[in-house]
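The structure under discussion appears below in the form of structure tokens.
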Amino acid sequence: MSAILAKKLGMTQLFLEDGTVERVTVLEAGPCPVTALRTQERDGYTAVQLGFGAAKEKHLTKPELGHLKKADAPPVRHLVEFRDEGEGLEVGATVTVEAFEVGDKVKIAGTSKGKGFQGTIKRHNFSSGPKSHGSHNVRAPGSIGASAWPARVMKGIRGPGQMGNKRITQKGLEVVRIDADQNLLIVRGSVPGPRNGVVEVRTDG
């Protein structure tokens, strides 16, 4: 398995050699320095910690700078651990897009776009009510209670509330093209989060 941190640059389309059009997302993946390795004997689990995103030293705390200096890594803005990864890697090494190959299936995790407080129609795809004959129930969710039992609103119903701004993992994406010179990873389909958002890329399976 392979893993890397990336920045979502946006979506576009590619014309492949057979003339088909692919809707793709362009990711700026790596280079990611290996800043720590977790082992079963010492930490109780196996993982690799990768850094991403150049930062100024003044924007990091002294403990963060000391941790990165110990790993001989430059100042980075993001540190993320990938469980059950890191085989064949050493602290101080660098992970690049060349860890992936065209045709690899990947899963990408990120924080979805926040859409604020939304009603049930937008948030849960409820149907709207009648819009004529004096109806006052156009976008309201309708009755949500029960009868004499339980005489309250059950927990877990789909109601209005905050939409988005959650960790989402998109599976089954395929690597369409790799540009190692510009650290670009181009995958088929959409990826969670806004432009310039940081996402985690792992091989799927």
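If you count the sequence shown from 1, position 205 lands on 205 in UniProt numbering, and the numbers rise without skipping. Even glycine gets a Cβ: it sits at the ideal position worked out from N, Cα and C.
With contacts defined by Cβ atoms closer than 8 Å, L185 and V97 form a contacting pair. In the three-state DSSP reduction, Q182 falls in the coil class, being neither helix nor strand. Under the 8 Å Cβ criterion, the stretch 188-203 counts as touching the stretch 159-172, having at least three qualifying pairs.
Sequence-distant Cβ neighbours of L9 in its own chain, meaning closer than 6 Å and more than five residues away, are V26 and E28. The DSSP assignment places 62-70 as complete runs of the alpha helix (DSSP H) inside the stretch 53-100, in order along the chain (cut-off: 4 residues). Comparing alpha carbon positions, the residue from T39, G159 and V106 closest to D204 is V106. Per DSSP, reduced to three states, the secondary structure at R158 is coil, with no helix or strand assignment.
Residues of the same chain with a CB within less than 8 Å of the CB of V21, apart from the 5 flanking positions on each side, are Q13, L14 and F15 in chain order.
Burial is judged here by how many other beta carbons sit within 10 angstroms of a residue's own beta carbon; N183 has at least 16 and is buried.
Pairing K115 with G164 gives a Cβ-Cβ distance under 8 Å. Cβ-Cβ separation between V76 and A54: approximately 7 Å, consistent with a contact (criterion under 8 Å). For F117, the number of other beta carbons within 10 angstroms of its own is below 16, and it is reported as exposed. The beta-carbon separation of G156 and A140, rounded to 20 Å, does not stay under the 8 Å limit for a contact. In the DSSP annotation of this structure, the continuous segment of the beta strand (DSSP E) that includes I4 starts and ends at A3 to F15.
Measuring C-alpha to C-alpha distances from T111 to each of H136, T94, D104 and R195 identifies R195 as the nearest. The secondary-structure analysis by DSSP pairs P33 across a beta bridge with T94.
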